[in-house]
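So the structure is just underneath, and the comments pick up after that.
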Amino acid sequence: MTPTTPKPAATHKPRPLIDLLVSILIPSLILMKLSGESRLGADGALVLALAFPLGWGALELIKYRKFNFIALLGLISVLLTGGIGLLKLDNQWLAIKEAAVPGLIGIAVLVSTYTRYPLIRTMLLNKAVLDVDKIHQRLEQGGHTAAFEARLLRATYWLSGTFFFSSVMNYVLAKWIVISPAGSEAFNAELGRMNLLSYPMIAIPSMIMLMAIFYYLWRTIHGLTGLKLEDIMAHAGQESQS
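Quick note: the sequence shown, position 238, residue 238 per the UniProt record's numbering, numbers continuous.
In structure tokens form, the structure reads like this:
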């Protein structure tokens, strides 16, 4: 009997369109269209809407068997939103929750700089995206390691700033749009509109800021090592060995 080779864990591939559809568009439409008493009712629509991002996030965590701090915060955020709506808590708690999640990530990014595992290396400088070993080898050869670490720390401050920006904007958006009592049909409709508006008003600006930070990081690596973009991408090392 030939021994069976253990099946490797599935590799996560970014699917932004599916993430957008499952986490924002479908839940928002459910909240705005199905919250009436003649349909699912406020509580039923809220539970169904939250089931999509909750189920998708749980599936991602289980399927890829990898702890993801940000994904875990996302799941907690969904559960808190459901709790606020179903328990009919004051709307102030929704605004606090909306601000707390990105705010906690921003704080975690800063605190992680004092640990062995800075989050910026997980988010931007990781081996799934860049050939980190080649980069560090070139930095050591040129004696630029200290300069790179200083600029990486600066990028860390900017990265945390993007989450603090999201925190403030989430609070403002929640206070501006969600004004009806929690658990009502109007509350669900406002929650749906808030989710839809959060993408162009918060997610896109934050994404642009992240791209700017990544560009700064790339320019830093290029300036200190002389490596081109195609030289530092993670797949480049694999292709050269094949």
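Cβ atoms here follow ideal geometry from the backbone N, Cα and C, with glycine treated the same way.
Since the model is a prediction, treat every value here as computed from it, not as a measurement.
| said: Tell me whether Ala189, by its Cβ, gets closer than 8 angstroms to a heavy atom of the ligand ZN. | reply: In terms of ligand content, the structure shown is empty, and the ligand ZN therefore cannot be addressed.
| field | C-beta atoms of Gly106 and Ser206 nearer than 9 angstroms | value | Against the sequence shown, residue 106 aligns to sequence position 106. Against the sequence shown, residue 206 aligns to sequence position 206. No, the pair does not count as a contact, with Cβ atoms beyond the cut-off.
| message | Assuming contact is defined by CB atoms lying nearer than 9 angstroms, are Leu191 and Leu94 in contact in what I supplied? | response | Against the sequence shown, residue 191 aligns to sequence position 191. Against the sequence shown, residue 94 aligns to sequence position 94. Yes; because the gap between Cβ atoms is below 9 angstroms, this pair is in contact.
| request: Please report how far the alpha carbon of Thr220 lies from the alpha carbon of Ala146, in whole angstroms. | output: Taking the first residue of the sequence shown as 1, we reach residue 220 at position 220. Taking the first residue of the sequence shown as 1, we reach residue 146 at position 146. Taking the straight line joining both Cα atoms gives about 12 angstroms.
| query | Cα-Cα, which of Asn188, Ser28 and Phe163 is closest to Leu197? | reply | Working through the sequence shown from its first residue, we reach residue 197 at position 197. That would be Ser28, whose Cα lies nearest to the Cα of Leu197.
| task | Can you have a look at Ser240 and say buried or exposed, based on whether 16 or more other CB atoms are within 10 angstroms of its CB? | result | Here residue 240 refers to the residue found at position 240 when the sequence shown is read from its first residue. In this predicted model, Ser240 has a pLDDT of only 48, less than 50, meaning its place in the structure is not dependable; the value taken from the coordinates is given anyway. It is exposed - the Cβ of Ser240 has fewer than 16 other Cβ atoms within 10 Å.
| said: For Leu224, tell me which candidate among Met32, Leu130, His144 and Met123 has the shortest Cα-Cα distance. | reply: Walking along the sequence shown from the start, residue 224 turns up at place 224. Residue His144 is the option with its Cα nearest to Leu224.
| said: Just list the residues that DSSP pairs Leu130 with in beta bridges. | reply: Taking the sequence shown and counting its residues from 1, the one referred to as residue 130 is at position 130. Note: Leu130 sits in a beta bridge opposite Met233.
| Do three or more CB pairs link the region 175-185 to the region 120-136 at distances below 8 angstroms? | no
| message | So the candidates are Ala108, Ile202 and Asn91; which of them puts its Cα closest to the Cα of Asn170? | response | Residue mapping note: residue 170 aligns to position 170 of the sequence shown, counting from 1. Here the closest residue by C-alpha is Ile202.
| query | For Leu227, which residues from the same chain have a beta carbon less than 8 angstroms from its beta carbon, with the 5 sequence-adjacent residues on both sides left out? | reply | Stepping through the sequence shown from its first residue, residue 227 is reached at position 227. Result list for Leu227: Lys134, Ile135, Arg138 and Ile221, in chain order.
| Phe187 and Gly85 look like a contact to me (Cβ under 8 angstroms); what is the Cβ gap, rounded to whole Å? | Taking the first residue of the sequence shown as position 1, residue 187 is located at position 187. Taking the first residue of the sequence shown as position 1, residue 85 is located at position 85. With a Cβ gap of about 7 angstroms, Phe187 and Gly85 count as contacting.
| field | Simplified DSSP assignment, three categories, for Ile221 | value | Indexing the sequence shown from 1 puts residue 221 at position 221. Of the three classes helix, strand and coil, the one that applies to Ile221 here is helix, per DSSP.
| message | Quick check on the burial criterion: 16 or more other C-beta atoms within 10 angstroms. Buried or exposed for Asn195? | response | Working through the sequence shown from its first residue, we reach residue 195 at position 195. Looking at its Cβ environment, which holds 16 or more other Cβ atoms inside 10 Å, Asn195 is buried.
| query | Would you report the Cα separation of Thr122 and Ser38, rounded to the nearest angstrom? | reply | For the purposes of this step, residue 122 is taken as residue 122 along the sequence shown, with counting starting at 1. For the purposes of this step, residue 38 is taken as residue 38 along the sequence shown, with counting starting at 1. Their Cα atoms are separated by approximately 47 angstroms.
| Does DSSP classify Leu144 as helix, strand or coil? | As a first step, residue 144 is located in the sequence shown; it is residue number 144 there, counting from the start. As written in the sequence, residue 144 is His, which differs from the Leu given in the question. It is coil, neither helix nor strand.
| task | Return yes when the Cβ of Ser160 is within less than 9 angstroms of the Cβ of Arg109, no when it is not. | result | For the purposes of this step, residue 109 is taken as the residue at position 109 of the sequence shown. For the purposes of this step, residue 160 is taken as the residue at position 160 of the sequence shown. Reading off the sequence, residue 109 comes out as Val, not Arg. Yes, these two residues count as a Cβ contact at 9 angstroms.
| said: Measuring straight from C-alpha to C-alpha, what distance separates Pro53 and Gln141? | reply: The residue you call residue 53 lines up with position 53 of the sequence shown. The residue you call residue 141 lines up with position 141 of the sequence shown. Roughly 46 angstroms separates the two Cα atoms.
| field | Three-state secondary structure (DSSP) of Gly106 | value | Working through the sequence shown from its first residue, we reach residue 106 at position 106. In the structure shown, the three-state DSSP call for Gly106 is helix.
| message | On the CB-based measure, 16 or more other CB atoms within 10 Å of its CB, does Gly55 come out buried or exposed? | response | Position 55 of the sequence shown holds residue 55. The residue in question, Gly55, is exposed, as its Cβ has fewer than 16 Cβ neighbours within 10 Å.
| request: Identify which residue in Leu229, Glu185 and Met233 has its Cα closest to the Cα of Lys33. | output: Counting from 1 along the sequence shown, the entry for residue 33 is found at position 33. The shortest Cα separation from Lys33 among Leu229, Glu185 and Met233 belongs to Glu185.
| Got a sec? Which residues, its chain only, sit under 7 angstroms from Ala51 by beta carbon, not counting five neighbours each side? | By one-based count along the sequence shown, residue 51 stands at place 51. Excluding sequence neighbours, Ala51 sits near nothing in its chain.
| field | Endpoints, the alpha helix (DSSP H) within which Met201 is located | value | Position 201 of the sequence shown, counting from 1, holds the residue named residue 201. From DSSP, Met201 is part of no alpha helix (DSSP H); its letter is neither H nor E.
| field | Nearest-angstrom beta carbon gap, Ser112 and Leu119 [assumed within contact, 8 angstroms] | value | As a working note, residue 119 is residue 119 in the sequence shown. As a working note, residue 112 is residue 112 in the sequence shown. Right, their Cβ atoms sit about 4 angstroms apart.
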